[in-house]
Amino acid sequence: MQIPLLQGPAVCSSLEALSKAAAECMRCPLGATRIRSVFSDGSPQAQIMLIGEGPGQQEDESGIPFVGRAGQLLTQMLASAGIDRQQDIYICNTVKCRPPQNRKPQASEMEACFPYLSGQIQNVQPKIIVLAGATAVQDILKTKQGITKIRGQWFEGPNGAKLMPIFHPSYLLRNPSQTEGSPKWLMWQDLQTVRKEAEAQGIQLHGTPSPFI
Ligand code: SF4
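Laid out in structure tokens, this is it:
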């Protein structure tokens, strides 16, 4: 699968330039209602990238993706899989500005924001991409298949990367059961699969795996 190269008024090459452009961007209506744009967290040198849906209230206020309750759960689950949030992974979203009332981003908003995501992928060149939730799956894989059907499977990503859909952590907050076969249990399996793939590719991870469930 080929991700189109950066196009449009946000054309610029470095992550820093992209982040600055996003902070002033009005390419879609979300720019008018944001407090601040939410570009990324983690390490640009990481070889694993996680793409989520869009910023929520706490992300909008802080400018950092995945810092609310769902983000804290994600950080905890990554850590238990031996993936250090600050060193081993680059985290971003399909849209960089918060949709009002935390609604899903509209297709036109994701399309308008796609040059930023494309630029992030081209700059970071991850070997593994994890798509958290149905919105990110629709934006990148352009499939209507449900997340429950395709989570945990490997797909061919851009630039030869391996790409896996996983549940969005906010879905896990609504489904807290940890019994075998539950969404949380499946997420835990998927993150362990990601860790094993990273190890198989010789990617050095800084975390220490520990039991989560
Ligand atoms: S969501 Fe993306 S395209 Fe829309 S205003 Fe924000 S940075 Fe620009």
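In our numbering, the protein residues as written are 327 to 539.
Glycine residues also receive a C-beta, built at the ideal position from the N, C-alpha and C atoms.
Computed from a predicted structure; not experimentally measured.
Ligand 1 heavy atom lying under 7 angstroms from the CB of residue i
i: residue 489; result: no
i: residue 439; result: yes
i: residue 388; result: no
i: residue 341; result: no
i: residue 353; result: yes
i: residue 435; result: yes
Range covered by the alpha helix (DSSP H) that runs through residue i
i: residue 531; result: Neither: residue 531 is in no alpha helix (DSSP H) and is coded neither H nor E.
Span of the beta strand (DSSP E) around residue i
i: residue 419; result: 415-419
i: residue 488; result: 488-492
i: residue 450; result: Looking at the DSSP string, residue 450 is not in any beta strand (DSSP E); the run it does join, the alpha helix (DSSP H), is 433-450.
i: residue 347; result: Residue 347 -> not in any beta strand (DSSP E); alpha helix (DSSP H) instead, spanning 341-349.
According to DSSP, residues forming a beta bridge with residue i
i: residue 379; result: Per DSSP, none; premise fails for residue 379.
i: residue 481; result: 489
i: residue 457; result: 377 and 491
i: residue 367; result: 417
Given residue i as reference, the closest of the options once Cα atoms are compared
i: residue 519; options: 461, 406, 368 and 396; result: 406
i: residue 475; options: 490, 341 and 485; result: 490
i: residue 414; options: 368, 473 and 427; result: 368
i: residue 417; options: 375, 516 and 350; result: 375
i: residue 357; options: 395, 438 and 341; result: 438
i: residue 535; options: 511, 404 and 450; result: 404
CB contact check: residue i to chain C, cutoff 8 angstroms
i: residue 413; result: Of the chains in the structure shown, none is chain C; there is only one protein chain.
Residue i beta carbon near ligand 3 (any heavy atom closer than 7 angstroms)
i: residue 346; result: As for ligand 3, it is missing from this structure, which binds only ligand 1.
The segment 369-382 contacting the segment 391-410, beta-carbon criterion three pairs below 8 angstroms: Output reads yes: the segment 391-410 touches the segment 369-382.
Three-pair Cβ contact test at 8 angstroms for the segment 458-476 versus the segment 343-361: The segment 458-476, when compared against the segment 343-361, does not touch it at the 8 angstroms Cβ threshold.
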